[in-house]
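**Q**
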């Protein structure tokens with residue numbers, strides 16, 4: 002992580018090598034002002050951080066799969082600046098833990114999921130030849 006980088010304001014992202022990432026030139030400037038900190042973790046550990054914090058991970062050189070779960074929470078008033086695949090805001094209704102086992106709605110038809118063909122967050126940029134990742 003780059004400690005304190007979440008205070009640098011909005012940073013444009015670009016697709017490079019099949020992945021979307023922060024503008025490299027801006028990241029290099031930020032690294033001159035804020036310290037790079039390596040966060041070593043063990044299996045089962047969780048790391049929570051501000052959604053604007055610049056972060057990365059090195060290649061997984063082990064023979065074990067590395068899984069991640071990304072969750073983002075955002076104020077209803079913080080609407081997106083570009084059209085997105087999901088509605089701007091959907092109120093959540095808190096239910097008891099038992100609702101997981103009691104749920105009988107297993108049919109996913111009619112439900113909205115990310116469509117890679119429509120999601121602006123993963124579309125290729127002009128000149129990006131690596132569209133398979």
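In my numbering, the protein residues as written are 2 to 134.
Beta carbons: idealized from backbone N, C-alpha and C, even for Gly.
Taking only the alpha-carbon atoms, compute the straight-line gap between residue 39 and residue 5 and give it to the nearest angstrom.
**A** The alpha-carbon atoms of residue 39 and residue 5 are separated by roughly 14 Å.
**Q** What is the DSSP secondary structure of residue 16, reduced to helix, strand or coil?
**A** In the structure shown, residue 16 sits in a strand (DSSP, three-state: E or B).
**Q** Is the beta carbon of residue 9 closer than 8 Å to that of residue 31?
**A** Yes, the pair counts as a contact, with Cβ atoms nearer than the cut-off.
**Q** Determine whether the beta carbon atoms of residue 43 and residue 7 lie at a separation below 8 Å.
**A** No.
**Q** Give the range of the alpha helix (DSSP H) segment to which residue 27 is assigned.
**A** 25-34 is the extent of the alpha helix (DSSP H) around residue 27.
**Q** Helix, strand or coil: how does DSSP classify residue 101 here?
**A** Note: residue 101 maps to helix in three-state DSSP.
**Q** I think residue 12 touches residue 35, with their Cβ atoms under 8 Å apart; what is that distance to the nearest whole Å?
**A** Residue 12 to residue 35, Cβ: 13 Å. No contact.
**Q** In the DSSP output, which residue or residues are listed as bridge partners for residue 81?
**A** Looking at the DSSP assignment, residue 81 forms no beta bridge with any residue, so it has no partner.
**Q** If we ignore side chains and look at the alpha-carbon of each, how far apart do residue 1 and residue 22 end up?
**A** The structure shown does not extend to residue 1, since the chain is modelled only from 2 through 134, so no value can be given for it.
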